[in-house]
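Participant: Heads up: the first sequence runs through residues 4 to 430, numbered per this note's numbering.
My questions all concern the structure below.
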Amino acid sequence: MLDIKFIKENSELIKMAATKKHINFNVDELIESDKKRIEILQKVEDLRAKQNAVSLEIPQAAPEERSKKIEEMGLVKNELKDLETELEKVMENWRTLMLKVPNVPDMSVPEGNTDEDNQEVKKWGNPKTEKEFGFAPKDHIEIMEAQDWVDFERGIKTSGFRGYFLKGDAALLDVALWQYGMQKWSSKGFTPMIVPSLVKKETLLGSGYLPQGQDDLYNDIDGDYFAGTAEVATMYYHAGEILEKKDLPKKFISFSPCFRKEAGAHGKDTKGLYRVHEFMKLEQVILCEANHEESVKYHEELTSYAEEVAEELNLPYHRVVNCGGDLGLGQVKKYDLEAWMPSKNKYGETGSSSYFHDFQTRRLNIRYRDEEGKLKFVHSLNNTAIATPRFLLMIIENYQNADGTVTVPEALIPFMGGKKIIGNPVF
RNA sequence: GGAAAUGUGGCUGAGUUGGUUUAAGGCACCGCACUCGAAACGCGGCGAGGGGAUUUAUCUCCUUCGAGAGUUCGAAUCUCUCCAUUUCCGCCA
């Protein structure tokens, strides 16, 4: 959500933002609706003032005056009732439109419509192909099924489409990644948290996943939802609060199960662990002062930490800057990190890093007092730290040996009880 | 799941026979004075969101006492629904 004053003063900018994000949004309709809203609001407030004034006079009025006053009040009330109904109608339309206003993308965001138009801005490591491996690399499905590390058949029997069981050393390696991540980020001053996945509707409205993301979310019969990322609960943690400036920035590393319907991706990646309905994620979240430079600084910082993981685990990756059409409604700028997948001979997304200015915190009402004592909305940012099993399959594919065993990345050995190689020779 | 009690501004806490409390008092915070400096004392200020006017500093109005609806000329105060907390009972990883 943006400030209505800002929207009115910068309607051209909002138009450009919608165009750049390839979003259909009519600012003029909102401005028109706001004019109407203010107009009726003024009338309503005048009548309320009159009502308050008369009701104060009543107890002091002489008995014979009293009934006349009460009669007068009746007229005011009738008029007020009609106007309030009208106001509510206008407000409903106004609120709906306000939730659809796109945030303004940064100048450095490239033009484009889909992820095809994202631009590579950094590349690290040498993507391994058959030549470097010295054998034809297999995909994670073949390796993991041969090692009895995954059971899709029983996963689907139990959970439905995209269901899976992780087993044996793969399950241990998955846990090792979480532990490695928790330790890494907490040593950088992030507060480790395990956060709810089952959340209320308002919680999702706050971070902007509703109403837009309705189709991708699971919900229960009580109307609660299962969040698709730990960001949702983490952002709601301070909702409605006024923070101390001295406590900023707030940095969190949050862990939770994540649920996504993957609507619109039904034909995509139907096999394997790349795209699943239920997974685990460590998420980085930062709340900082309301200042563009601060946002940019922490955006680069969050991104670099995720890159450190890929580098410490020696996974070739590249970073792309997302084009306008690939940005969410609230995002100012976004980077995707993509790691090398030998089986597909291309990069696959492992996480995305974005900042929002005060788009989310306006909805969430998270503020702080600046040095002049004025209340401001904090800025928010988030980035995937480690999402599994997607990250797990990247490791398995990149660290596979010719006989089907998998070498444990050095950084993970301490979390695997010292084990350096997992699996049996199966090929 | 059942029963009872409670829910007031950053915190604490009065107000619950409905009407100058249109939210007292205290703590914290800010300013002034005192002091070599500080604490204590003293004086003054101090919730949030929004509208309007203008000499842009102030004036003025509306909303806000967990959320929503209702009764009333008038609701923090009465009624209903929901939510949360606490205590007791039941069930249970």
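Note that beta-carbon positions come from the ideal geometry of N, C-alpha and C, so glycine has one too.
(1) To which residues does DSSP link His321 through a beta bridge?
(2) If you follow the alpha helix (DSSP H) that Lys23 is in, where does it begin and where does it stop?
(3) Does the distance from the C-beta atom of Val312 to that of Ile389 stay below 8 angstroms?
(4) Identify, in the order they occur along the chain, each residue of the same chain with its Cβ nearer than 8 angstroms to the Cβ of Val79, setting aside the five sequence neighbours on each side.
(5) For Lys274, name the three-state secondary structure that DSSP assigns.
(6) What is the residue span of the alpha helix (DSSP H) that Glu133 lies within?
(7) For Glu119, which option in Ile73, Gly163 and Asn325 has the closest C-alpha, if you only look at C-alpha atoms?
(8) Sort Glu68, Lys92 and Asp109 by Cα distance to Leu16 and report the nearest one.
(9) Can you give me the C-alpha to C-alpha distance between Ile224 and Glu315, rounded to a whole angstrom?
(10) So, helix, strand or coil for Glu244, using DSSP?
(11) In the structure shown, what three-state DSSP assignment does Asn386 receive?
(12) Give, in chain order, every unbroken run of the alpha helix (DSSP H) that is at least 4 residues long and sits entirely within the stretch 266-316.
(13) Between which two residues does the alpha helix (DSSP H) holding Leu213 run?
(14) Which residues in the same chain have their Cβ closer than 7 angstroms to the Cβ of Asp172, if we skip the five residues on either side of it in sequence?
(15) Just to confirm before moving on: does the CB-CB distance between Leu169 and Met419 stay below 8 angstroms?
(16) Can you tell me where the alpha helix (DSSP H) with Phe155 in it begins and where it stops?
(17) Using the Cβ count rule (16 or more neighbours within 10 Å means buried), how would you classify Ala139?
(18) Taking 8 angstroms as the threshold, find out whether the stretch 178-198 comes into contact with the stretch 254-261 through three or more Cβ pairs.
(19) Drop a sphere of 10 angstroms on the beta-carbon of Pro428, count the other beta-carbons inside from all chains shown, and report buried for 16 or more, exposed for fewer.
(20) Does DSSP put Ile73 in a helix, in a strand, or in coil?
Facilitator: So, to answer that:
(1) By 1-based counting over the first sequence, the position of residue 321 is 318. Beta-bridge pairing by DSSP links His321 to Lys126 and Glu341.
(2) Position 20 of the first sequence, counted from the first residue, corresponds to residue 23. In the DSSP assignment, Lys23 falls within the unbroken alpha helix (DSSP H) covering Ser14 to Lys23.
(3) If you number the first sequence from 1, residue 312 lands on position 309. If you number the first sequence from 1, residue 389 lands on position 386. Yes, the pair counts as a contact, with Cβ atoms nearer than the cut-off.
(4) Residue numbering aside, residue 79 sits at position 76 when the first sequence is read from its first letter. Scanning its chain for C-beta atoms nearer than 8 angstroms, with the 5 sequence neighbours on each side dropped, one finds around Val79 the residues Leu50, Lys53, Gln54 and Val57, in chain order.
(5) Here residue 274 refers to the residue found at position 271 of the first sequence. Collapsing the DSSP output to three states places Lys274 in coil.
(6) Locating residue 133 in the first sequence gives position 130, counting from the first residue. Membership of Glu133 in the alpha helix (DSSP H) is indicated by the continuous run Glu133 to Phe136.
(7) Against the first sequence, residue 119 aligns to sequence position 116. Residue nearest to Glu119 within the set Ile73, Gly163 and Asn325 is Asn325 (criterion: CA-CA distance).
(8) Within the first sequence, the letter at position 13 stands for residue 16. Looking at the Cα atoms, Asp109 is the closest of the given residues.
(9) In the first sequence, counting from the first residue as 1, residue 224 sits at position 221. In the first sequence, counting from the first residue as 1, residue 315 sits at position 312. So the two alpha carbons sit approximately 44 angstroms from each other.
(10) Mapped onto the first sequence, residue 244 falls at position 241. Three-state DSSP puts Glu244 in coil, outside helix and strand.
(11) Indexing the first sequence from 1 puts residue 386 at position 383. Strand, per DSSP.
(12) Runs of the alpha helix (DSSP H) inside the stretch 266-316: 295-315.
(13) Locating residue 213 in the first sequence gives position 210, counting from the first residue. Counting along the chain, Leu213 falls outside any alpha helix (DSSP H), and DSSP gives it neither H nor E.
(14) The sequence position of residue 172 within the first sequence is 169, counting from 1. These residues qualify, in order along the chain: Trp152, Ile425 and Gly426.
(15) By 1-based counting over the first sequence, the position of residue 169 is 166. By 1-based counting over the first sequence, the position of residue 419 is 416. In this structure, Met419 does not lie closer than 8 angstroms to Leu169 by Cβ.
(16) Within the first sequence, the letter at position 152 stands for residue 155. Start and end: Phe155 to Ser162.
(17) On the first sequence, residue 139 is found 136 positions in, with the first residue counted as 1. Per the 10 Å Cβ criterion, exposed.
(18) Verdict: yes, contact present.
(19) Counting from 1 along the first sequence, the entry for residue 428 is found at position 425. Label assigned to Pro428: exposed.
(20) Against the first sequence, residue 73 aligns to sequence position 70. In this structure, DSSP gives Ile73 a helical state, which the three-state scheme calls helix.
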